[in-house]
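In our numbering, the protein residues as written are 1016 to 1158.
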């Protein structure tokens, strides 16, 4: 009876972990397809990743600008030293260590990131691959 319980637990554990592995492999496979279109799963994932990064990082900077993001004077001074008093020219994803052209996501930026993913062969999770490819494709110029 104990043997049956252990076997059942191993099988359940295998199938519980398997979808994530298959999802990463599926995304990587979709990225390697020729003639990527906006309907491609990889394209949609990368575009969503980039759009989400721009949106959330912009909201974070906006919150800081409105003095809602700091809990101490030290934090305010540190931010002012790092970014300056007016950070209007700072790309919203600057602190994520990538800077998209014009701080916008378009087909060209998405395809550029996908091409970098395809050229790199990584064992990292797909989300990590997207992040690393974005950083490599669109590094921030020293500000």
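Heads up, the beta-carbon is just placed ideally off N, CA and C, and yes, glycines get one too.
Computed from a predicted structure; not experimentally measured.
### Message
On the DSSP letters alone, give me the boundaries of the alpha helix (DSSP H) that residue 1142 sits inside.
### Response
1141-1152
task: Spatial neighbours of residue 1047 within its chain, please: CB distance less than 8 Å, with the 5 preceding and 5 following residues excluded, ordered by chain position.
output: 1133
Problem set entry | Beta-carbon spacing of residue 1115, residue 1108 below 8 Å | yes
- Item | Assigned secondary structure, residue 1156 (DSSP; H/G/I helix, E/B strand, else coil) | coil
* Drop a sphere of 10 angstroms on the beta-carbon of residue 1143, count the other beta-carbons inside from all chains shown, and report buried for 16 or more, exposed for fewer. => exposed
* **Presumed contact (8 Å Cβ cut-off) between residue 1140 and residue 1041, rounded CB distance** => With 8 Å as the limit, residue 1140 and residue 1041 do not qualify as a contact, their Cβ atoms being about 13 Å apart.
Backbone secondary structure at residue 1127 - three-state DSSP:
helix
Grab me the residues of residue 1148's own chain with a C-beta within less than 6 Å of its C-beta, minus the 5 sequence neighbours each way, in chain order. 1128, 1131 and 1132
Notebook entry, point to check: Are residue 1066 and residue 1056 close, meaning C-beta to C-beta below 8 Å?
Noted result: no
TODO: Identify which residue in 1062, 1072, 1077 and 1156 has its Cα closest to the Cα of residue 978.
DONE: Outside the displayed span of the chain (1016 to 1158) sits residue 978, for which this structure offers no information.
Taking the alpha carbon of residue 1153 as the reference point, which residue from 1135, 1111 and 1136 has its own alpha carbon closest? 1111
request  = Determine the DSSP secondary structure at residue 1043, reduced to helix, strand or coil.
outcome  = helix
Taking the alpha carbon of residue 1060 as the reference point, which residue from 1124, 1088, 1113 and 1137 has its own alpha carbon closest? 1124
Practice prompt. Identify whether residue 1111 lies in helix, strand or coil by the three-state DSSP scheme.
Written response: helix
Fill in: Spatial neighbours of residue 1051 in its chain, beta-carbon cut-off 8 Å, leaving aside the 5 residues before and after
1057, 1058, 1126 and 1129
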